[in-house]
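Since the structure comes first, as structure tokens, the remarks are kept for the end.
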């Protein structure tokens with residue numbers, strides 16, 4: 001960061017928070033004042049709307065809840081009826097079975113059967129509507145309590161009102177020795193009309209008969225309706241709200257005023273709309289469902305506006321509804337508005353005081369924050385410089401450690417030649433067979449090896465020599481120097497390096513570029529040694545327009561998807577903690593961008609070499625020519 005930029009940032013940190021606090025506080029105070037005033041006016045208007053809406057939602061929810069309950073009862077009426085008659089038949093069957101088991105060794109079957117008939121003949125249930133009957137395998141009515149004249153007569157060919165032979169179905173059940181439900185249409189003695197009846201009968205094996213009973217759905221439905229009305233009459237909701245139920249002829253079935261039940265609703269109130277037209281709730285319910293408002297005159301001759309929600313229950317010819325008086329809502333609204341006025345006046349006073357204290361406090365805090373941020377910035381700058389220096393040093397030390405290993409490999413053969421030559425001369429001298437020609441030959445080998453050792457030291461010394469000045473050099477030479485420093489490790493691992501480098505001259509920092517090449521090559525080496533197939537590194541250098549594009553790719557299989565976007569982060573490594581620190585590629589990117597003014601990216605590619613398909617990572621460096 002340059003000094004002028006640093007000074008500007010420090011001034012910004014020093015004065016910006018104070019200015020920002022004053023500006024934002026002013027804007028907030030203005031906004032809150034006008035917004036509060038606007039909100040206050042809107043709330044006054046909204047209170048009435050909200051109360052009206054909430055009250056309407058409340059009565060609608062209650063009506064819909066009861067309607068849903070009724071629909072549930074309607075949907076399950078038949079199931080309730082079936083369970084009821086089945087339980088009754090099971091009870092009768094158990095009675096008959098117990099009688100048989102009690103007397104089977106002391107009385108004849110006919111006697112036992114007569115005892116069973118006597119036991120079941122007078123049994124009544126479902127408010128006297130229910131009774132038991134017994135049919136045999138020939139269609140004879142062996143027990144018919146409500147019609148003794150036709151008892152023991154044959155009904156095998158008997159048909160119901162729609163031509164269904166239900167007696168034959170009973171006979172079939174006896175043959176199958178089972179039980180079943182049945183449905184048929186028979187004249188209901190209460191209405192003198194054909195109605196749907198559900199029956200259940202069960203096989204009684206000792207006598208080869210079935211015991212059964214039945215119930216008209218319309219009779220059972222009346223029982224269910226009465227249960228529903230008892231439940232509805234107990235419902236109370238907000239502010240003593242209640243529900244009313246009436247038949248489509250206007251007769252009230254349920255009402256908070258028990259004296260009105262059974263009367264026509266018009267006997268109690270006169271309903272008119274706001275235009276003084278008489279309203280017929282029944283007709284409204286038949287054609288609509290929803291809200292309607294009207295003027296209701298009660299017994300005290302007081303007219304009040306009322307809003308109701310009604311809904312028809314078509315299968316039962318019912319209308320259910322609930323309502324509220326508008327004047328009760330207005331009273332509640334006025335009380336709330338008085339409280340709202342008091343709260344608004346208190347709010348304006350409090351908010352003014354709070355903001356005065358808050359602004360003063362924020363000014364003090366902003367001044368402290370400015371000084372604190374200024375200190376943090378300076379400390380951070382100092383720490384960043386120290387960390388950067390340590391990272392460079394750590395990278396250099398890592399490189400130095402690897403280079404020492406490379407020196408060891410490159411020195412091993414020359415040292416072996418020197419040692420062997422010296423030992424040979426000593427032995428031949430002791431044996432008195434060392435002549436001048438052999439002596440000179442050994443001396444030449446020793447000198448050559450010593451020169452190789454010296455050149456190796458010079459190469460490593462040049463690499464580690466501090467060099468912060470730019471120079472002109474060929475990229476091919478830089479690659480060669482890099483490869484000379486690390487070649488022993490690559491040769492040992494059978495890694496083939498394929499080069500396609502154009503003759504390109506560049507003006508830059510050579511040692512830093514060599515360091516970049518070494519880091520990337522070592523990274524590829526570490527991945528390749530994990531593979532047991534042919535190992536390749538391909539180096540391509542081309543000049544494209546005004547850029548030098550350097551590609552270093554391998555056939556190690558590429559970088560994992562979750563790692564490829566993070567490999568240039570500091571301390572990120574795909575290796576174990578003992579094998580990698582995660583700063584090699586981070587420093588490589590740092591050197592390229594900050595010292596060489598270039599860029600680097602990594603991507604996975606697939607390619608073909610010598611008719612073989614490979615996949616690997618490709619590091620692409622772009623430098624200015």
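Numbering (UniProt numbering), first residue to last: 1 to 625.
Every residue, glycine too, gets a C-beta built ideally from N, C-alpha and C.
Quantities reported herein were computed from a predicted structural model and do not represent experimental measurements.
#1: Under 8 Å Cβ to Cβ from residue 70, same chain only, skipping five residues before and after it: list those, please.
#2: Please determine, among 173, 117, 167, the residue with the shortest C-alpha to C-alpha distance to residue 148.
#3: In whole angstroms, what is the alpha-carbon distance linking residue 257 and residue 164?
#4: Against chain B, with Cβ distances strictly below 7 Å, would residue 233 count as a contact?
#5: Roughly how many angstroms lie between the CA atoms of residue 620 and residue 473, to the nearest whole one?
#6: For residue 558, which residues in the same chain have their Cβ closer than 7 Å to its Cβ, ignoring the five residues on either side in sequence?
#7: In chain order, what residues of the same chain lie with their CB nearer than 8 Å to the CB of residue 169, ignoring the 5 residues before and after it?
#8: Which class does residue 496 belong to by DSSP, given the choice of helix, strand or coil?
#9: Residues bridged to residue 246 by DSSP?
#10: Give the list of continuous beta strand (DSSP E) stretches no shorter than 3 residues that lie fully inside the stretch 525 to 579.
#11: May I ask you to report which of helix, strand or coil DSSP gives residue 138?
#12: Between 596, 77, 230, 250, which has its C-alpha nearest residue 469's C-alpha?
#13: Please name the residue or residues paired with residue 199 in a DSSP beta bridge.
#14: Here's the rule: buried if 16 or more other CB atoms are within 10 angstroms of the residue's CB, otherwise exposed. What is residue 535?
#15: Give a yes or no on whether the C-beta atoms belonging to residue 570 and residue 518 are separated by under 7 Å.
#16: Leaving out the 5 sequence neighbours to the left and right, which residues in its chain are closer than 6 Å to residue 167 when beta-carbon positions are compared?
#17: Below 7 Å between beta carbons: does that hold for residue 185 and residue 160?
#18: Spatial neighbours of residue 514 within its chain, please: CB distance less than 8 Å, with the 5 preceding and 5 following residues excluded, ordered by chain position.
#19: Check whether the stretch 74 to 88 touches the stretch 195 to 202, taking contact to mean three or more Cβ pairs, one atom from each stretch, closer than 8 Å.
#20: To the nearest angstrom, how far is it from the Cα of residue 580 to the Cα of residue 504?
#21: Output yes or no for whether 7 Å exceeds the beta carbon distance between residue 421 and residue 446.
#22: Should residue 302 go down as buried or exposed, given a rule of 16 or more other Cβ atoms within 10 Å for buried?
#23: Leaving out five residues before and five after residue 109 in sequence, what residues of the same chain have Cβ atoms less than 8 Å from its Cβ?
#24: Tell whether a beta-carbon distance below 7 Å holds between residue 115 and residue 99.
#25: Using DSSP with H/G/I as helix, E/B as strand and the rest coil, what is residue 522?
#26: Can you list, in chain order, the residues of its chain whose CB lies under 6 Å from that of residue 325, leaving out five sequence neighbours each side?
#27: Could you check if residue 173 is buried or exposed, using at least 16 other CB atoms within 10 Å of its CB as the buried criterion?
#28: Less than 7 Å between the C-beta atoms of residue 625 and residue 546, yes or no?
#29: Tell me whether the beta-carbon of residue 152 lies closer than 7 Å to the beta-carbon of residue 209.
#30: Which residue comes first and which comes last in the alpha helix (DSSP H) that contains residue 602?
#31: How would you call residue 234, buried or exposed, if buried means at least 16 neighbouring beta carbons within 10 angstroms?
#32: Roughly how many angstroms lie between the CA atoms of residue 220 and residue 124, to the nearest whole one?
#33: Residue 262: buried (16+ other C-beta within 10 angstroms of its C-beta) or exposed?
#34: Which first and last residues belong to the alpha helix (DSSP H) in which residue 169 is found?
#35: Could you check where the alpha helix (DSSP H) with residue 127 kicks off and where it finishes?
The structure says:
#1: Within the chain shown, the letter at position 70 stands for residue 70. Closer than 8 Å at the Cβ level, and outside the excluded window around residue 70, lie 228, 313, 316, 318, 320.
#2: The residue labelled residue 148 in the question sits at position 148 within the chain shown. With distances taken between Cα atoms, residue 148 lies closest to 117.
#3: In the chain shown, residue 257 corresponds to position 257, counting from 1. In the chain shown, residue 164 corresponds to position 164, counting from 1. A straight-line Cα-Cα distance of about 48 Å links residue 257 and residue 164.
#4: Reference to chain B is not applicable here, since this structure consists of a single protein chain.
#5: In the chain shown, the residue the question calls residue 620 occupies position 620. In the chain shown, the residue the question calls residue 473 occupies position 473. Distance between the alpha carbons of residue 620 and residue 473: 20 Å.
#6: Mapped onto the chain shown, residue 558 falls at position 558. The answer, listed in chain order, is 604, 615, 616, 617.
#7: Within the chain shown, residue 169 is the residue found at index 169, counting from 1. Result list for residue 169: 180, 182, in chain order.
#8: Start at 1 with the first residue of the chain shown, and residue 496 comes out as number 496. In the structure shown, residue 496 sits in a strand (DSSP, three-state: E or B).
#9: If you number the chain shown from 1, residue 246 lands on position 246. For residue 246, which the question treats as bridged, DSSP gives the partners 252, 319.
#10: Counting whole runs of 3 or more residues, the stretch 525 to 579 contains the beta strand (DSSP E) stretches 535 to 544, 547 to 554.
#11: In the chain shown, residue 138 corresponds to position 138, counting from 1. In this structure, DSSP gives residue 138 a state outside helix and strand, which the three-state scheme calls coil.
#12: Against the chain shown, residue 469 aligns to sequence position 469. Closest by alpha carbon: 596.
#13: Taking the first residue of the chain shown as position 1, residue 199 is located at position 199. BP columns for residue 199 point to 182, 214.
#14: Looking up residue 535 in the chain shown gives position 535. Counting Cβ neighbours within 10 Å, residue 535 comes out buried, since at least 16 surround it.
#15: Here residue 570 refers to the residue found at position 570 of the chain shown. Here residue 518 refers to the residue found at position 518 of the chain shown. Against a cut-off of 7 Å, the Cβ pair of residue 518 and residue 570 comes out as no contact.
#16: Numbered from 1 along the chain shown, position 167 holds the residue referred to as residue 167. Correct list, in chain order: 139, 155, 156, 158.
#17: If you number the chain shown from 1, residue 185 lands on position 185. If you number the chain shown from 1, residue 160 lands on position 160. Cβ atoms of residue 185 and residue 160: closer than 7 Å.
#18: The count along the chain shown starts at 1 and reaches residue 514 at position 514. Closer than 8 Å at Cβ, skipping near neighbours: 463, 478, 481, 482, 485.
#19: yes
#20: What you label residue 580 is simply residue 580 of the chain shown in a count that begins at 1. What you label residue 504 is simply residue 504 of the chain shown in a count that begins at 1. Note that residue 580 scores 47 on pLDDT, short of 50, meaning its location in the model is unreliable and no value can be drawn from it.
#21: Mapped onto the chain shown, residue 421 falls at position 421. Mapped onto the chain shown, residue 446 falls at position 446. Yes.
#22: Position 302 of the chain shown, counting from 1, holds the residue named residue 302. Exposed: under 16 other Cβ atoms inside 10 Å.
#23: Start at 1 with the first residue of the chain shown, and residue 109 comes out as number 109. Within its own chain, the residues whose Cβ lies closer than 8 Å to the Cβ of residue 109, once the five positions on either side in sequence are excluded, are 206, 207, listed in chain order.
#24: Position 115 of the chain shown holds residue 115. Position 99 of the chain shown holds residue 99. Taking 7 Å as the Cβ cut-off, residue 115 and residue 99 qualify as a contacting pair.
#25: Locating residue 522 in the chain shown gives position 522, counting from the first residue. Residue 522: helix per DSSP, three-state reduction.
#26: Here residue 325 refers to the residue found at position 325 of the chain shown. Answer for residue 325: 304, 306, listed in chain order.
#27: In the chain shown, the residue the question calls residue 173 occupies position 173. Residue environment: residue 173 is assigned as buried (16 or more neighbouring CB atoms within 10 Å of its CB, all protein chains considered).
#28: Against the chain shown, residue 625 aligns to sequence position 625. Against the chain shown, residue 546 aligns to sequence position 546. Yes, the Cβ-Cβ distance between residue 625 and residue 546 is below 7 Å.
#29: Locating residue 152 in the chain shown gives position 152, where the first residue counts as 1. Locating residue 209 in the chain shown gives position 209, where the first residue counts as 1. With a cutoff of 7 Å on beta-carbon distance, residue 152 and residue 209 are scored as not near each other.
#30: Counting from one through the chain shown, the residue named residue 602 turns up at place 602. Not the alpha helix (DSSP H): residue 602 falls in the beta strand (DSSP E), residues 599 to 609.
#31: Walking along the chain shown from the start, residue 234 turns up at place 234. Per the 10 Å Cβ criterion, exposed.
#32: In the chain shown, residue 220 corresponds to position 220, counting from 1. In the chain shown, residue 124 corresponds to position 124, counting from 1. Approximately 15 Å between the Cα atoms of the pair.
#33: On the chain shown, residue 262 is found 262 positions in, with the first residue counted as 1. With fewer than 16 Cβ atoms within 10 Å of its Cβ, residue 262 is classed as exposed.
#34: As a first step, residue 169 is located in the chain shown; it is residue number 169 there, counting from the start. Looking at the DSSP string, the run of the alpha helix (DSSP H) that includes residue 169 is 166 to 176.
#35: The residue you call residue 127 lines up with position 127 of the chain shown. For residue 127, no alpha helix (DSSP H) encloses it, and the DSSP letter there is neither H nor E.
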